[in-house]
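Just below is one structure, and these are the notes that go with it.
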Amino acid sequence: MCRRFFVASPDEFFNYHMLKFLRGGDKRSKKHNATAAHSSAGFTLVELMVVTGIFMILSSVVLTTNARFGNLVVLQNLAHDMALSVRQAQVYGIAVRRYEGAIFDVSYGIHFSVPSANAPFIYELFADVNRNGAYDDGDAIVTSTTVNPGYTLNDLCIRSTSGSDDCAVSTADIVFRRPEPDACIGKGGAFTFNAQFKCVSQNDRARIILESRGGELAGITIESSGQISVN
């Protein structure tokens, strides 16, 4: 039996192998697409748990930081309000604010007292009608300020001219009398004016510290020179 052999031309040989290559590439492409589609079908349970955990951690950090920042801002505002009240008493004292008609020689001051348990912190701007340099019966309250709930008095300290601090005081009075801007600082209700209405206090500094519900601290310092600072 005679077999016939066909000899392909160069063009036919090239076309044959090119077609074979393209068919093989199409199969590889379909296999790759199927694998990619399978791998991108969605999140696994482990991936979902990891992403959720990261989101919860970031959310808790952001919320905690935001709450602390808010408390600190309110606390600073309360300290500045307290400093402004002291400054207002100073202005009233040296500007000869008239009290009830034609009385012009009344001193003005701020009275601080340690609140009882669970009671709000309250301080008063008062007119020293009795002219003794302390807040007592007979003096007139000009304004009374109640500090926001959640914020209270942390410390009330009076420093003597000898340099020793007394932080166990229950009350403090900061009084201003014309024509000087100096502060007459008293504690425990002790009179700080003598019979000639001159300041005889032996204290040169008062420090009032507020505390927020988060434990942040801010307050004011009043020097006997009349300087008032927020710290």
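Residues in the sequence shown are numbered consecutively from 1, following the working numbering. Heads up, the beta-carbon is just placed ideally off N, CA and C, and yes, glycines get one too. In this text the structure is predicted, and so the values were computed from the model without any measurement.
From the options, pick the residue whose C-alpha is nearest to that of residue i; which is it?
i, options, result
"residue 122", "59, 81, 105 and 134", "81"
"residue 154", "228, 217, 78 and 48", "217"
"residue 220", "85, 73 and 194", "85"
"residue 79", "48, 193, 152 and 91", "152"
"residue 183", "148, 58, 91 and 171", "91"
"residue 143", "156, 125 and 129", "125"
"residue 115", "230, 129 and 149", "149"
"residue 87", "193, 181 and 190", "181"
"residue 158", "146, 172, 145 and 147", "172"
"residue 193", "205, 208, 206 and 177", "177"
"residue 112", "212, 163, 95 and 185", "185"
"residue 94", "191, 179 and 208", "179"
"residue 146", "135, 119 and 167", "119"
Run the CB neighbour count on residue i, radius 10 Å, all protein chains shown included, and call it buried at 16 or more, exposed below.
i, result
"residue 137", "exposed"
"residue 133", "buried"
"residue 109", "buried"
"residue 203", "buried"
"residue 199", "buried"
Round the Cβ separation of residue i and residue j to the nearest angstrom and send it over; I've been treating them as touching at under 8 Å.
i, j, result
"residue 187", "residue 175", "Rounded, the Cβ-Cβ distance is 12 Å, inconsistent with contact."
"residue 106", "residue 74", "Residue 106 to residue 74, Cβ: 34 Å. No contact."
Is residue i close to chain B? Criterion is C-beta to C-beta, closer than 8 Å.
i, result
"residue 50", "No chain B is present in this structure, which holds just one protein chain."
Which of the three DSSP states, helix, strand or coil, is assigned to residue i?
i, result
"residue 60", "helix"
"residue 223", "strand"
"residue 37", "Residue placement at residue 37 cannot be trusted, given a pLDDT of 49 that sits under 50; what the coordinates show is reported in the next sentence. Here residue 37 sits in helix by DSSP."
At which residue ranges does the region 73-127 contain complete beta strand (DSSP E) runs of 3 or more residues, listed in the order of the chain?
-> Those beta strand (DSSP E) runs which fall completely within the region 73-127 and span 3+ residues are 107-113.
Residue ranges of each beta strand (DSSP E) run of no fewer than 3 residues wholly in the region 182-213, ordered along the chain?
-> DSSP runs (the beta strand (DSSP E)) wholly in the region 182-213: 183-187 and 203-211.
For the region 128-190, list the beta strand (DSSP E) runs that are entirely contained and at least 3 residues long, ordered along the chain.
-> Uninterrupted beta strand (DSSP E) stretches at least 3 residues long and entirely within the region 128-190 occur at 140-146, 152-160, 171-176 and 183-187, given in chain order.
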